[in-house]
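> Take the sequence shown: its letter number 20 is residue 7 in my numbering, and every next letter is one higher. Note that beta-carbon positions come from the ideal geometry of N, C-alpha and C, so glycine has one too. Since this is a predicted model, take the numbers as computed values, not measurements. Structure incoming, see below.
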Amino acid sequence: MYVEETVVTTAIRKKSDGGIVDDQRGCDSESGNSGSENSIYKRSKLRLSPLLSSESEEELQPEPIQKVNTQIEAALGVNPTIVPAQSVPLDAKLVSRWIAYLSSGLAKDQRNQLLEKCIVPDNIKCLSPPKINSEVKLLSSAEDFKRNSCMEHIQVCLGKVISALGADLNIVINQSTQDLNGCLGPIADASKLLNHTHYLVSPHRRHVLEPMLNLEMKKTVCDGKVDTELFLADLSGPCKAMQALKKASMDLRALSLNWKTQPPRCYVKFCLKISDLLLHLHLI
-12 MYVEETVVTT AIRKKSDGGI VDDQRGCDSE SGNSGSENSI YKRSKLRLSP
38 LLSSESEEEL QPEPIQKVNT QIEAALGVNP TIVPAQSVPL DAKLVSRWIA
88 YLSSGLAKDQ RNQLLEKCIV PDNIKCLSPP KINSEVKLLS SAEDFKRNSC
138 MEHIQVCLGK VISALGADLN IVINQSTQDL NGCLGPIADA SKLLNHTHYL
188 VSPHRRHVLE PMLNLEMKKT VCDGKVDTEL FLADLSGPCK AMQALKKASM
238 DLRALSLNWK TQPPRCYVKF CLKISDLLLH LHLI
């Protein structure tokens, strides 16, 4: 910083009657007053003196040490002792209820009431758990069917929760509020995670029932997308097509003309028995 120091020297003297008269020009007229002001500005001296405060010194000085420290921190990685930012705590009213639900679950009457209250929308049937194909159901054992029913009930609950969040999202989207990100973002993120959780149960249900299928059917039906049916919407179609293709390939296969191949083992045993019998008859 630079402070302008103006040194002005004027000679003013007081008369006995209290009037102020310019000592240099000695006139009381307007021209005399203006002349005295000009003389004061002409005789002013401008002197610049640098006055550096502590803050300005820090701003002007280079910061090589800080840059080196930043590079070292980047090379070493994140400090594990630094405590990450804490999450937003939930309200005490929510905490007391959710702890009870997570530890003991919902009562049967309350659970059934909530499941009946939340209705899956008609335009998204995938929220309902995919059903087991009738062909696979005939092959499944009682234990497999029980495990599948348990996971199917989990998907029912997830579908109901997603439907309830979707109803709230409809209300938020249709409202013309300014702060949509504050209320829409968390609900949308929760719905994404719930949809993904609903999807993860279906491949697990497939994995439980896969051992009952042959290798060809596993390759055909287990890699498809999840729909209203657990494996495929029409499982009998691929089965019939695969059997027809296998039969056609067998019909097209040419007969082997290689006579040097070894005969079957049963034929070899039969020939040995005949030779032994002939040898016995010859000895007799």
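Rounded to whole angstroms, what is the Cα-Cα separation between Cys258 and Leu265?
11 angstroms
> Evaluate Arg193 with the Cβ neighbour count: other Cβ atoms within 10 Å of its Cβ, from every protein chain shown; 16 or more gives buried, anything less gives exposed.
buried
> Classify Lys260: buried if its beta carbon has 16 or more other beta carbons within 10 angstroms, exposed otherwise.
Counting Cβ neighbours within 10 Å, Lys260 comes out exposed, since fewer than 16 surround it.
> With a threshold of 8 angstroms on Cβ separation, who are the neighbours of Ala175 within its own chain once the five nearest residues in sequence on each side are excluded?
Leu156
> On a CA-only basis, which of Asn66, Val65 and Val123 is nearest Met199? Give me that one, please.
When each option's Cα is compared against that of Met199, the closest is Val123.
> What I want to know is whether the C-beta of Met199 ends up closer than 7 angstroms to one or more non-hydrogen atoms of the ligand NAD.
Within the structure as shown, the ligand NAD is missing, as the structure has no ligands at all.
> State buried or exposed for Ile119, treating a residue as buried only when at least 16 other CB atoms are found within 10 Å of its CB.
buried
> Have a look at Leu217, Asn161, Ser189 and Gly146 and flag the residue whose alpha-carbon is nearest the alpha-carbon of Glu103.
Gly146
> Could you tell me whether the Cβ atoms of Ile149 and Leu181 are closer together than 8 angstroms?
yes
> Hey, which unbroken runs of the alpha helix (DSSP H) at 4 residues or more fall wholly within the stretch 110 to 149?
Segments of the alpha helix (DSSP H) lying fully in the stretch 110 to 149: 121 to 126.
> Give me the residue from Lys80, Gly153, Leu63 and Leu114 with the minimum Cα distance to Glu216.
Leu114
> Taking only the alpha-carbon atoms, compute the straight-line gap between Ser74 and Pro173 and give it to the nearest angstrom.
14 angstroms
> Use the C-beta contact count for His191: other C-beta atoms within 10 angstroms, 16 or more gives buried, fewer gives exposed.
exposed
> From the DSSP output, which residues share a beta bridge with Glu216?
Lys118
> For Ile86, report the span of its alpha helix (DSSP H) as first-last.
That run of the alpha helix (DSSP H) goes Ala79 to Ser91.
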